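Heads up: the sequence shown begins at 2 in my numbering, then just goes up one per residue.
Just so it is clear, CB atoms sit at the ideal spot from N, CA and C, and this is done for glycine as well.
The model shown is predicted, which means the values in this text are computed figures rather than measured ones.
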Amino acid sequence: MTLNKIADELAVRLTRLFWRDKSGQLPVFGANEKLQTDPHFKDYVLFHEYFHGDNGCGVGTSYQTGWTRLVANLLEVKN
């Protein structure tokens, strides 16, 4: 696998956390019902400090947006 293909795959995996799945849920919100369904919260994505390795749920502080700003760049490129 080339380095470009690896980078592309990582970009897909990272951005998938911030796209709604078939049931309308955002993986980054995990099981947090308020963030998943409340109209005042559901469309405001938080960029967390890090993410759970098994389910992608955002973990840690949501104001530490340094490295996760990269995800915003990746999302922008995909649109």
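Closest in C-alpha terms to leucine 71, from the list Gly61, Val13, Asn5, comes Val13. In summary, glycine 25 is exposed, with fewer than 16 beta-carbon neighbours lying within 10 Å of its beta-carbon over all protein chains present. Apart from sequence neighbours up to five positions away, no residue of its chain approaches aspartate 9 with a beta-carbon distance below 6 Å.
In this structure, leucine 18 sits near valine 29, with a CB-CB distance shorter than 8 Å. According to the DSSP assignment, arginine 21 belongs to no alpha helix (DSSP H), since it is labelled neither H nor E.
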